[in-house]
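Take a look at the structure below.
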Amino acid sequence: MSKPRVTHPVRNQALIVYELPEDALPPEHPARVLWSVLSRLDLGKFLDGARAVEGGSGRPTTSPRMLLTLWTFALSRGVGSAREIERLTRTDVAYRWIIGDQRPGRSTIAAFRVEHLAALDGLLTDVLATLMKEGVLSLETVAVDGMRVRASASAPSFRREQSLEELREQAALHLKAVLAQEGDPGVSARQRAAREQKARDFQKRVDVALETVANLNEARRPGTKPARASSTDPEARVMKMGDGGFRPALNVQMATAGDAMGGARTIVAVGVTNVGSDMGALAPMVEQIEKRTGALPEHVLADANHANHDAITALTQRGIDVLVPVPERTRTSGGTPEIEAWKARMQTPEAQERYRARASLCELSNANGRRMGMTQLLVRGIGKATSVALLTAITHDVLAHATTLLG
Numbered sequence: 002m003s004k005p006r007v008t009h010p011v012r013n014q015a016l017i018v019y020e021l022p023e024d025a026l027p028p029e030h031p032a033r034v035l036w037s038v039l040s041r042l043d044l045g046k047f048l049d050g051a052r053a054v055e056g057g058s059g060r061p062t063t064s065p066r067m068l069l070t071l072w073t074f075a076l077s078r079g080v081g082s083a084r085e086i087e088r089l090t091r092t093d094v095a096y097r098w099i100i101g102d103q104r105p106g107r108s109t110i111a112a113f114r115v116e117h118l119a120a121l122d123g124l125l126t127d128v129l130a131t132l133m134k135e136g137v138l139s140l141e142t143v144a145v146d147g148m149r150v151r152a153s154a155s156a157p158s159f160r161r162e163q164s165l166e167e168l169r170e171q172a173a174l175h176l177k178a179v180l181a182q183e184g185d186p187g188v189s190a191r192q193r194a195a196r197e198q199k200a201r202d203f204q205k206r207v208d209v210a211l212e213t214v215a216n217l218n219e220a221r222r223p224g225t226k227p228a229r230a231s232s233t234d235p236e237a238r239v240m241k242m243g244d245g246g247f248r249p250a251l252n253v254q255m256a257t258a259g260d261a262m263g264g265a266r267t268i269v270a271v272g273v274t275n276v277g278s279d280m281g282a283l284a285p286m287v288e289q290i291e292k293r294t295g296a297l298p299e300h301v302l303a304d305a306n307h308a309n310h311d312a313i314t315a316l317t318q319r320g321i322d323v324l325v326p327v328p329e330r331t332r333t334s335g336g337t338p339e340i341e342a343w344k345a346r347m348q349t350p351e352a353q354e355r356y357r358a359r360a361s362l363c364e365l366s367n368a369n370g371r372r373m374g375m376t377q378l379l380v381r382g383i384g385k386a387t388s389v390a391l392l393t394a395i396t397h398d399v400l401a402h403a404t405t406l407l408g
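Mapping of the sequence shown onto the numbering used here: residues 2 to 408, in sequence order.
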C-alpha cells in the first residue's frame with residue numbers, strides 16, 4: 002500500500018505578504034460607520050494646545066479622529082481598558098483597520114480619554130445640536146437617573162487624619178529615596194523620571210486626602226465619628242450600591258430623552274459627583290440640558306430619590322412638568338403651591354401613565370453604560386471620571402443616531 006502524501010506547515014521560511022488595510026473590512030462594518038460619523042463632526046477642540054504645527058519642528062499629534070474612533074468602537078464592544086485596546090490593535094482586524102499604519106501605545110490611548118474634558122463636553126453638545134437641527138431629538142420627555150460606579154480605590158485606602166499624617170511622612174521619605182537614585186547607573190533617565198512622577202503623584206494624593214478629611218470633619222456634627230478619605234482617590238466616597246453593600250464609588254447622573262413608545266434614546270446630559278444621594282441632581286441636570294440644547298424639557302421623570310422640594314418648585318416655576326413619586330414622609334406635610342400641585346398631579350392617572358416611561362428611558366442608558374465599562378472606574382478623580390462618562394454618552398448617542406449623523 003502506498004504511503005499517503007501529507008503537507009506539513011513550514012515555519013522557518015520567510016514570507017512576503019501584501020495587504021491593503023482599507024480592504025480589510027466590509028463597507029457596513031461598525032468601525033467604518035463610526036469613522037465616517039466622526040468625520041462629520043468638528044474635532045478641532047481636541048487639537049487645542051498642540052505644539053507641533055505645519056512647517057515647524059516637533060512630533061506630530063496623534064489623530065484625534067483615530068483615537069476617538071478607537072475608543073468609541075472599543076466601548077461599543079464592551080472594552081474600556083487602554084491596555085486591552087492596545088492588545089487588540091495588534092490582533093483584531095477591525096482595530097488594525099482603525100489605526101492603519103499608526104501604532105498608538107496604551108499611554109497615548111489612555112491619556113486621550115482623560116485629557117480632553119472640555120473637548121468631549123463640546124463634542125456631546127455638537128452631537129445634540131446636529132440631532133436637534135435634523136429634528137430627531139425631542140425634549141418632550143426626559144428621564145433623569147443616577148448610578149453608583151465603583152471608584153478606582155479600595156476600602157482600606159480610606160484613612161483617618163492621624164493615619165494620613167503618618168502616610169504623608171512615608172510619602173516624603175519615598176520621594177527622597179527616589180530622588181537619591183539620580184546617580185544610579187542601573188536606572189535609566191526614563192525610569193527615574195517615571196518613578197519620580199509616581200512618587201510626587203502619591204504625595205499629592207495624600208495631601209489632598211488630608212485636606213478632604215479636614216473639611217469633612219469641620220462639616221460634621223459634634224459627637225460623630227471622625228471622617229476618612231482615600232489616599233488613592235481623595236474624591237471618592239463610600240456609597241450604598243445597588244446590591245445593598247457599601248463601597249468606594251462616584252455617582253454618575255444621566256438624563257435620557259426619548260419616546261415612551263420606543264425608538265432611539267439620546268443621552269442629553271451627564272454629571273459626576275461624589276454625593277451618594279440623588280436629591281440635589283435634578284436642577285443641575287435640567288440646567289445642563291438647557292445649556293447644551295437651548296431648550297427646556299417639557300416633562301422630567303425621576304425616581305423618588307430626586308424628590309427635592311426646592312428643585313421641584315424651581316423647575317415647576319419654569320414651566321416644566323416634574324414627575325417624581327411623592328415619598329411617604331412628605332405626602333401629608335405642607336409646602337409651596339408648586340409642591341402641593343406636584344403632590345396632587347402625581348395622583349392623577351395621566352401623570353402615572355406618563356411616569357411609566359421612566360424605566361424604559363433611563364434603564365436602557367444605564368444598561369448600555371454598564372456594558373461600556375461604567376461598573377468599575379479605571380481612572381481617579383471626578384474630572385477624569387466625567388471624561389469617561391462623556392465619552393460613554395457620546396458613544397451611545399453616535400451609535401443610536403448613526404444614520405442621521407451620516408446625513
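Using N, Cα and C, we set each Cβ at its ideal position, and we do this for glycine too.
Quick check on the burial criterion: 16 or more other C-beta atoms within 10 angstroms. Buried or exposed for residue i?
i      : result
Gln103 : exposed
His117 : buried
Val236 : In the sequence as presented, Val is not what sits at residue 236; that position holds Glu. Result: buried.
Tyr96  : buried
Asp311 : exposed
Tyr356 : buried
Leu289 : For the sequence presented, residue 289 should be read as Gln rather than Leu. It is buried - the Cβ of Gln289 has at least 16 other Cβ atoms within 10 Å.
Asn275 : buried
Pro105 : buried
Ser388 : buried
Ala270 : buried
Asp244 : exposed
Leu89  : buried
Leu407 : exposed
Gly384 : exposed
Val115 : buried
Ile110 : buried
Gly246 : exposed
Pro28  : exposed
Thr294 : buried
Ile17  : exposed
Leu21  : exposed
Asp185 : exposed
Val188 : exposed
Thr8   : exposed
Ala401 : buried
Leu174 : exposed
Glu135 : exposed
Which residue wins for smallest C-alpha separation from residue i, given the options the options?
i      : options                           : result
Met280 : Ala305, Asp260 and Ile290         : Ala305
Met242 : Val253, Val7, Asp234 and Ser232   : Val253
Leu165 : Ser231, Ala178 and Glu219         : Ser231
His397 : Asp202, Ile383 and Arg372         : Arg372
Val145 : Ala403, Ser361, Leu283 and Pro338 : Leu283
Arg346 : Glu364, Val34, Ala386 and Thr317  : Thr317
Leu132 : Leu68, Val11, Gln353 and Arg41    : Arg41
Ala47  : Glu135, Arg33, Thr62 and Arg191   : Per the sequence shown, residue 47 should be read as Phe rather than Ala. That would be Thr62, whose Cα lies nearest to the Cα of Phe47.
Met286 : Val143, Pro249, Arg161 and Ala386 : Val143
Gly45  : Pro27, Gly123 and Ala190          : Gly123
Ser158 : Gly184, Glu135 and Phe203         : Phe203
Lys177 : Ala215, Ala200 and Gly187         : Ala200
Asn367 : Thr404, Thr126 and Ala256         : Ala256
Val239 : Ser82, Arg149, Asn369 and Arg52   : Arg149
Ala386 : Arg107, Ser3 and Gly370           : Gly370
Thr404 : Ala181, His9, Leu26 and Ser37     : Ser37
Leu180 : Pro22, Ala25 and Glu197           : Glu197
Asp24  : Gly136, Val94, Arg248 and Gln163  : Val94
Lys292 : Pro5, Thr92, Leu129 and Ala120    : Leu129
Gln163 : Glu55, Gly136, Arg248 and Asn218  : Asn218
Ser82  : Pro65, Phe113, Leu26 and Met67    : Phe113
Trp343 : Pro350, Asp234, Thr314 and Ala119 : Thr314
So what does residue i bridge to, in DSSP terms?
i      : result
Thr142 : His300
Asp322 : His300
Gly147 : Gln254
Arg1   : Examination of residue 1 is not possible in this model, given that the chain is present from 2 through 408 alone.
Gln377 : Arg151
Phe203 : None; Phe203 has no bridge partner.
Phe159 : Ser231
With a threshold of 7 Å between beta carbons, is residue i in contact with chain D?
i      : result
Glu299 : Among the chains in the structure shown there is no chain D, since it carries only a single protein chain.
- Message: Taking 8 Å as the cut-off, does the region 71 to 81 touch the region 388 to 400 (at least 3 CB pairs, one atom from each stretch)?
- Response: yes
- Query: Which parts of the region 224 to 310 are runs of the beta strand (DSSP E), unbroken and 3 residues or longer, counting only runs that do not cross its ends?
  - Reply: 238 to 241, 247 to 260, 263 to 274 and 300 to 302
- Message: With three or more C-beta pairs closer than 8 Å as the rule, is the region 286 to 298 touching the region 315 to 322?
- Response: yes
- Query: Are at least three pairs of beta-carbons, each pair with one atom in the region 263 to 281 and one in the region 86 to 100, less than 8 Å apart?
  - Reply: no
- Query: Can we say the region 375 to 382 touches the region 149 to 158, given the rule of at least three CB pairs closer than 8 Å?
  - Reply: yes
- Should the region 157 to 169 be regarded as contacting the region 192 to 207, the criterion being three or more beta carbon pairs within less than 8 Å? yes
- Could you tell me which uninterrupted alpha helix (DSSP H) segments, each at least 4 residues in length, are contained entirely in the region 36 to 83, listed from first to last along the chain? 65 to 77
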